[in-house]
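Numbering (my numbering), first residue to last: 4 to 208.
Even for Gly, the Cβ is constructed at its ideal location relative to N, Cα and C.
No experiment lies behind these values; they were computed from the predicted model shown.
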């Protein structure tokens, strides 16, 4: 059984003001930290989808084992990177994974969160799973990462921004919402310098 992950790191990081994959996080770059968390998890294969500043990111990562692919259509939105990553997992000669972790570079996930979600998905034999968290008003929200079954890969290869990307797939295949009230990482969205500073505080990095 193979578990895969698609790590989306192609965006321009306009609001951050610097490439998100390369911001400092826990003594390394954010992308390196996320790859280390995935390497320590049940995930067997990681596909990193690059776009903006791809060569700089490649040079920074150096000779790591993860597969790096380039999405020429990255300016058209995150959905194009997800489609590219999904297609790479279905390439001829590749072993089809049982489950796929979908992670955005600005939404870091801990190893224990990844493992819990994958375990629940496989045990329950469901299409998708997503952690939830409560905001200050005790309202529940969907967190990250999302984990999907292999059966959704073909749909993921066809996602576009015009058809609402991953959101539309999850509307057709509603994920199990797994409450993780003691995991603040599932709510992180490091989209701005202010959010990055708050994320470092929350995660103790």
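Is it buried or exposed, residue i, if we count other Cβ atoms within 10 angstroms and call 16 or more buried?
| i | result |
| --- | --- |
| residue 133 | buried |
| residue 57 | buried |
| residue 167 | exposed |
| residue 202 | buried |
| residue 4 | exposed |
| residue 144 | exposed |
For residue i, collect the residues of the same chain with a Cβ closer than 7 Å to its Cβ; drop the 5 residues on either side in sequence, then sort them by chain order.
| i | result |
| --- | --- |
| residue 108 | 10, 11, 12, 23, 24, 33, 34, 37 |
| residue 29 | 36, 208 |
| residue 18 | 194, 195 |
| residue 79 | 164 |
Could you please give the first and the last residue of the uninterrupted alpha helix (DSSP H) stretch that includes residue i?
| i | result |
| --- | --- |
| residue 102 | No alpha helix (DSSP H) holds residue 102; the beta strand (DSSP E) holding it covers 102–107. |
| residue 40 | 33–42 |
| residue 196 | 196–206 |
| residue 124 | 114–127 |
If I follow the unbroken beta strand (DSSP E) through residue i, where does it start and stop?
| i | result |
| --- | --- |
| residue 49 | 48–53 |
| residue 133 | 131–137 |
| residue 97 | Taken as a continuous stretch (DSSP letters only), residue 97 belongs to no beta strand (DSSP E), as it is neither H nor E. |
| residue 11 | 6–12 |
Using a Cβ-Cβ cut-off of 8 Å (strictly less than) and excluding sequence neighbours within five positions of residue i, which residues of its own chain qualify?
| i | result |
| --- | --- |
| residue 61 | 53, 71 |
| residue 93 | 99, 156, 157, 160 |
Closest Cβ-Cβ distance between residue i and chain D: below 8 Å?
| i | result |
| --- | --- |
| residue 10 | Although the question refers to chain D, the structure presented lacks it and comprises just one protein chain. |
Report, in whole angstroms, the separation of the C-beta atoms of residue i and residue j, which I expect to be a contact under 8 Å.
| i | j | result |
| --- | --- | --- |
| residue 42 | residue 106 | That pair is no contact at about 13 Å. |
| residue 180 | residue 140 | No, residue 180 and residue 140 are not in contact; Cβ-Cβ is about 17 Å, not under 8 Å. |
| residue 164 | residue 82 | 5 Å |
| residue 102 | residue 172 | Contact flag wrong, Cβ pair sits at about 15 Å. |
In the DSSP assignment, what are the bridge partners of residue i?
| i | result |
| --- | --- |
| residue 77 | The partner list for residue 77 (beta bridge, DSSP) is empty, contrary to what the question assumes. |
| residue 150 | 104, 132 |
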